[in-house]
Amino acid sequence: MLKKIIIEKIKKCGAISFEDFMEMALYFPELGYYTRADIKIGRQGDFFTASHLSSVFGFLLSKEVENVYQNLNCPQDFTVTEIGPGMGYLAKDILDEISIPLKYNLVEINPSLKDLQQQNLKQHSDKTQWVNSIEDLEPFTGVFICNEVFDALPVRCFEISESEEIMEVYVDFKDYELIEVLLPCRKNTLQYIEEFAPWVLKIKGYRSEVNLKMKSLIEILSKKLKKGFVLIIDYGYNCQEYYHPERKKGTLLCYYKHSITENPYINIGNQDITAHVNFTALEKWAKQAGFKVEGHLSQSKFFLSLCDEAVLREIYQKNLIQHFKRLVLPQGMGESHRVMILSKNLDSHFR
Ligand SMILES: C[S@@+](CC[C@H](N)C(=O)[O-])C[C@H]1O[C@@H](n2cnc3c(N)ncnc32)[C@H](O)[C@@H]1O
Numbered sequence: 195m196l197k198k199i200i201i202e203k204i205k206k207c208g209a210i211s212f213e214d215f216m217e218m219a220l221y222f223p224e225l226g227y228y229t230r231a232d233i234k235i236g237r238q239g240d241f242f243t244a245s246h247l248s249s250v251f252g253f254l255l256s257k258e259v260e261n262v263y264q265n266l267n268c269p270q271d272f273t274v275t276e277i278g279p280g281m282g283y284l285a286k287d288i289l290d291e292i293s294i295p296l297k298y299n300l301v302e303i304n305p306s307l308k309d310l311q312q313q314n315l316k317q318h319s320d321k322t323q324w325v326n327s328i329e330d331l332e333p334f335t336g337v338f339i340c341n342e343v344f345d346a347l348p349v350r351c352f353e354i355s356e357s358e359e360i361m362e363v364y365v366d367f368k369d370y371e372l373i374e375v376l377l378p379c380r381k382n383t384l385q386y387i388e389e390f391a392p393w394v395l396k397i398k399g400y401r402s403e404v405n406l407k408m409k410s411l412i413e414i415l416s417k418k419l420k421k422g423f424v425l426i427i428d429y430g431y432n433c434q435e436y437y438h439p440e441r442k443k444g445t446l447l448c449y450y451k452h453s454i455t456e457n458p459y460i461n462i463g464n465q466d467i468t469a470h471v472n473f474t475a476l477e478k479w480a481k482q483a484g485f486k487v488e489g490h491l492s493q494s495k496f497f498l499s500l501c502d503e504a505v506l507r508e509i510y511q512k513n514l515i516q517h518f519k520r521l522v523l524p525q526g527m528g529e530s531h532r533v534m535i536l537s538k539n540l541d542s543h544f545r
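Numbers 195 to 545, taken from the working numbering, label the letters of the sequence shown in order.
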């Protein structure tokens, strides 16, 4: 069905950019991967995120939210806003744990996920509130939480041709199958490559992604945050690692029933499509949007920094040590995932 709609669009407008294809595959109303009614994240779905593995993720983040609250001098209207809250497990684990007064906003674009989140958060109905889009948020003081949100933004794909031309990947169709065509690169795609990955321009056949949607997302987060923090947790690299000459095929991956494929043109609307985050670009755009970068570290270092003796004791008492290890060990999510902490309009230093 979604494939047919994409083909109809191509018939009407000509080949569409990979970014537009990914936008439709993930977010086309009611048929995209993140907008369809029967989306499932976790064991019965296509992929796991940390909050689906264990409550230790929310338990530890609740400690960071408390730090943030103290740092902001315990404001009366302290608000946590989570973007794309999945099944609502992270919100639940934070609210189960935390004792400070707060309001918790959940920004959810999918009505079915919103229903699931409301069920999972029934006992916290006095604190929780839902909005359909970031645009609908009232500016607030507090903290934004974005767990694995930036990797779900539609990306552009580029490829260096045999004649060292920089081409952008577009999607066309032939015999009712979607196919790729390479067309001259758009100006802002090229500017991005020249800025963050100039060394790949001469590598014939080199292919990777450009995520320009991150810029608008970080800008709107800044617009909605009067004072406070943004916590971004995601898998990604700095630009040297991301665009390493040996990473010739980029980072684009698809998840379908817990198996990984590299073909975004199958299972359209039924499989997740994702690309790693270029944290160098994110850092630059965050600063331009008015944020200060308070920290940018591996998930391992971030969570270990929250663990004093009392926290570790609680992790043992709650019997969560195995899950904790998975969050922090390099062979788990400790090194693949990074945490960026941004602040805005602080009166004093953080930490
Ligand atoms: C990979 S899922 C992660 C879900 C959840 N945070 C978790 O960790 O399980 C990415 C989520 O981000 C959401 N998302 C991406 N861009 C968004 C935006 N601009 N506003 C609201 N949600 C967004 C998607 O709809 C999707 O639910």
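Don't be surprised by glycine CBs; every beta carbon is placed ideally from N, CA and C.
Only a predicted model underlies this, so the values are computations on that prediction, with no experimental measurement involved.
Contact between Ile-427 and Val-533 holds: CB atoms are separated by about 5 Å, below the 8 Å threshold. Distance from the CA atom of Cys-501 to the CA atom of His-517, rounded to whole angstroms, is 14 Å. His-470 counts as buried, since no fewer than 16 other beta carbons sit within 10 angstroms of its beta carbon.
Taking the C-beta atoms as reference points, Lys-418 is found nearer than 7 Å to Leu-331. Using a C-beta cut-off of 8 Å, the segment 457 to 466 makes no contact with the segment 379 to 398, since fewer than three inter-stretch Cβ pairs fall below that distance.
A distance criterion of 6 Å places the beta-carbon of Gly-239 beyond contact range of ligand 1, judged by its closest non-hydrogen atom. Beyond the five residues adjoining it in sequence on each side, Leu-196 comes within less than 8 Å, by CB distance, of Met-218, Ala-219, Phe-222, Leu-225, Gly-226, Ile-462, Gly-463 in the same chain, given in chain order. Comparing alpha-carbon positions, the option among Lys-203, His-543, Tyr-400, Ser-499 lying closest to Phe-367 turns out to be Lys-203. Secondary structure remark: continuous alpha helix (DSSP H) runs of at least 4 residues inside the segment 438 to 523, in chain order: 473 to 482, 493 to 499, 503 to 511, 515 to 522. Separation of Gly-422 and Ile-277 (C-alpha to C-alpha, rounded to the nearest whole angstrom) is 16 Å. Every beta strand (DSSP E) stretch that sits fully inside the segment 335 to 395 and reaches 3 residues is listed by chain position as 350 to 354, 360 to 368, 371 to 378.
Straight through space, the alpha carbons of Glu-371 and His-490 are spaced by roughly 42 Å. Around the beta carbon of Lys-206, fewer than 16 other beta carbons sit within 10 angstroms, so the residue counts as exposed. With a contact defined as Cβ atoms closer than 8 Å, Arg-350 and Glu-403 qualify at about 7 Å. Remark: the shortest separation between the CB of Glu-342 and any heavy atom of ligand 1 falls under 6 Å. Judged by the Cβ position, Thr-243 qualifies as a neighbour of ligand 1 at the 6 Å threshold, a heavy atom of the ligand being closer than this.
Glu-374 and Thr-243 have their C-alpha atoms spaced approximately 30 Å apart. Straight-line spacing of the CA atoms in Lys-381 and Ser-492 works out to 33 Å.
In its chain, beyond the 5 residues on either side, Leu-300, Glu-302, Lys-308 have a beta carbon closer than 7 Å to the beta carbon of Trp-324. Ranking Tyr-283, Gln-264, Ile-233 by CA distance to the CA of Ser-249 puts Tyr-283 first. Asp-428 carries a strand assignment under DSSP once its states are collapsed to helix, strand and coil. Of Phe-352, Lys-297, Glu-342, Leu-377, the smallest CA-CA separation from Thr-322 is found for Lys-297. Bridge partners of Ile-200 according to DSSP: none are assigned. Closest option to Lys-398, judged by alpha-carbon separation, among Pro-439, Ser-245, Val-363, Lys-519: Pro-439. Secondary structure remark: continuous beta strand (DSSP E) runs of at least 3 residues inside the segment 249 to 284, in chain order: 273 to 277. Between Val-365 and Ile-210, the C-beta spacing is below 7 Å.
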